[in-house]
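J.: In this note's numbering, the protein residues as written are 4 to 129.
Here it is, the structure, as structure tokens.
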């Protein structure tokens with residue numbers, strides 16, 4: 004993924020509608036970024052905002068979280084918005100924690116809910 008800034012978008016099942024709404028509402032800012040997203044989340048974002056530049060990876064439980072983690076570790080992802088559902092148990096919770104750990108280790112901006120993503124938006128506009 005050469006050139007330009009890259010944003011990763013991920014949403015747990017119960018948060019996919021929120022992510023689609025977020026993408027639709029903020030498509031002007033998001034349109035300035037290359038976006039990578041886990042499979043289903045990416046599909047929902049494209050349905051909501053088909054003009055965005057979204058590359059869909061595998062579904063999170065099938066390796067998509069790890070694919071995004073690899074992109075973070077190679078410096079190809081510059082920011083992460085991950086709408087987490089804290090009330091639903093995740094069978095791939097270990098992958099989710101590893102992804103968040105990589106975002107922290109590589110010191111990239113990370114929003115885990117809608118309110119923080121809104122605060123992150125001005126930095127994405129720069």
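We treat Cβ as the ideally placed atom computed from N, Cα and C, and that holds for glycine.
(1) At the level of alpha carbons, what is the spacing between residue 60 and residue 46?
(2) Does residue 67 pass the burial test, meaning 16 or more other C-beta atoms within 10 Å, or should it be called exposed?
(3) Determine contact between the segment 68 to 85 and the segment 39 to 54, defined as no fewer than three beta-carbon pairs at a distance below 8 Å.
(4) Please tell me whether residue 34 and residue 54 are closer than 8 Å, where the distance is taken between their beta carbons.
(5) Give the DSSP-derived three-state secondary structure of residue 104 in the structure shown.
(6) Could you compute how far the alpha carbon of residue 124 sits from the alpha carbon of residue 83?
(7) On the DSSP bridge assignment, give the partners of residue 80 in chain order.
T.: Straight from the coordinates:
(1) Taking the chain shown and counting its residues from 1, the one referred to as residue 60 is at position 57. Taking the chain shown and counting its residues from 1, the one referred to as residue 46 is at position 43. Cα to Cα, the separation comes out at about 10 Å.
(2) Here the question's residue 67 lines up with position 64 in the chain shown. Buried, since its Cβ has 16 or more Cβ neighbours within 10 Å.
(3) The segment 68 to 85 vs the segment 39 to 54: in contact.
(4) Counted from its first residue, the chain shown places residue 34 at position 31. Counted from its first residue, the chain shown places residue 54 at position 51. Residue 54 is positioned such that its CB atom lies closer than 8 Å to that of residue 34.
(5) As a working note, residue 104 is residue 101 in the chain shown. Correct three-state label for residue 104: helix.
(6) Translated into positions along the chain shown, residue 124 becomes position 121. Translated into positions along the chain shown, residue 83 becomes position 80. Straight-line Cα distance between these residues: approximately 11 Å.
(7) Walking along the chain shown from the start, residue 80 turns up at place 77. DSSP output for residue 80 lists no bridge partner at all.
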